[in-house]
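In the numbering used here, the protein residues as written are 4 to 119.
Beneath this line is the structure, given in structure tokens, with notes to follow.
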Amino acid sequence: LQDTQPTAKLNSQERNMASEKKRNARLIIMCVDKSEYSKAGWKWTVENVLRDTDQVQLIHVYERESISTFDYISKDYHKLMELEKKYMEEVRKRSAEIMKEMVSDAVEMGDNIVHS
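What follows is the structure, given as structure tokens:
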């Protein structure tokens with residue numbers, strides 16, 4: 004049986020361009036939070052560092068509320084796990100909002116960044 008799926012073939016110039024783009028790609032990792040310092044740092048990075056070939060990974064850093072030993076001892080374990088689950092859902096929600104805001108800011112500044 005012959006494969007009937009269409010395949011795309013790159014000519015040598017396209018292969019060279021793709022190879023060059025891959026060689027020039029950089030991985031930029033930046034920690035972010037909701038602070039104005041973080042926003043200013045992101046703006047500076049977009050304006051002064053990022054290139055079209057770069058891959059950016061934003062890491063949302065959050066400060067976890069502490070739970071005392073007494074809380075662990077005095078509360079029902081299942082309730083604690085339920086609270087933990089709700090807390091993590093909230094953190095994920097806040098992280099998604101921050102990432103969306105950062106990408107939106109970059110696009111407004113003229114960058115062609117894409118959220119994935």
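All residues carry an ideal CB built from backbone N, CA and C; glycine is no exception.
Residues sharing a beta bridge with valine 59, DSSP: DSSP, once it has assigned bridges, lists Ile31 as partnering valine 59.
Coarse secondary structure for serine 38, derived from DSSP in three states: DSSP places serine 38 in coil when its eight states are reduced to three.
Assigned secondary structure, leucine 86 (DSSP; H/G/I helix, E/B strand, else coil): In this structure, leucine 86 counts as helix in the three-state DSSP scheme.
Straight-line Cα distance separating glutamate 87 from glutamate 93: Rounded to the nearest angstrom, the two C-alpha atoms are 10 Å apart.
DSSP three-state assignment for leucine 4, whether helix, strand or coil: Low per-residue confidence applies at leucine 4: pLDDT is 42, beneath 50, and the placement is therefore not dependable, though the value from the model is reported in the following sentence. Reduced to three states, the DSSP call for leucine 4 is coil.
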